[in-house]
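Numbering (this note's numbering), first residue to last: -16 to 223.
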């Protein structure tokens, strides 16, 4: 209903619930691979840190650029809807699932940087389709600066990459030096969640006539997965 823009006004609250549920699935994944205590702790840290970073944009125009929220997504903390923190948890852990091949229990500087690079590019790819829909089609938030891509400032995408990169560097170190597990079932589920999230916003973009957003996002994903494939080939050769 959101994708085809047929959500009735009395169900607008469902947007917040949708993001809470997406984040909750990612938290379950975090618990599966990091353990209950570490999974919940990292999920809370990611939520708090990203909301703090978002609040710097709302208040001072830092990190992501200057903007403000137009519609209520539920309870706000630091002037930012709590649902945004849950969305960030979803972005971080779905990206981790896709780049899972980079994660081992032996540290490698190349793997460390490669993993953070791929996962952060995946985060930016998601924002390339989310932001045009949220800003142009839905007006969930309004940018006070401008940029060449649907009026969205370039600082926003740099901020998305930087925030994701920093978090993923820490997660890689934790997984490398701690006794973590692997759940193939939940890894697949996170990949599906990432794909379905992209797919929903692609449909919304097509309905709203945001064809450039679909093309740019598709191209960015193609480049990212090409780098992912090349990186995996390198890892295979390195292990041999």
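We put the beta carbon where it would ideally sit given N, CA and C, even for glycine.
Neighbour flag for residue i against chain D, beta carbons, 7 Å
i          : result
residue 22 : Structure shown: chain D not included; a single protein chain is present.
Residue i, enclosing alpha helix (DSSP H) - first and last residue
i           : result
residue 185 : 167 to 191
residue 157 : 137 to 160
residue 43  : 19 to 43
residue 107 : 92 to 115
residue 72  : 65 to 81
Simplified DSSP state of residue i, which is helix, strand or coil
i           : result
residue -4  : coil
residue 58  : coil
residue 274 : The structure shown does not extend to residue 274, since the chain is modelled only from -16 through 223, so no value can be given for it.
residue -15 : coil
residue 125 : strand
residue 164 : coil
residue 47  : coil
residue 202 : helix
residue 87  : coil
residue 210 : helix
residue 4   : helix
Proximity winner among the options, relative to residue i (alpha-carbon distances)
i           : options             : result
residue 158 : -15, 79 and 46      : 79
residue 47  : 4, 137, 97 and 161  : 137
residue 217 : 124, 108, 91 and 37 : 91
residue 112 : 43, 195 and 122     : 195
residue 16  : 173, 182 and 185    : 173
residue 100 : 8, 154 and 36       : 154
Span separating the alpha-carbon of residue i from that of residue j
i           : j           : result
residue 161 : residue 88  : 8 Å
residue 149 : residue 120 : 30 Å
residue 38  : residue 197 : 28 Å
Start and end residues, beta strand (DSSP E) containing residue i
i          : result
residue 51 : 50 to 52
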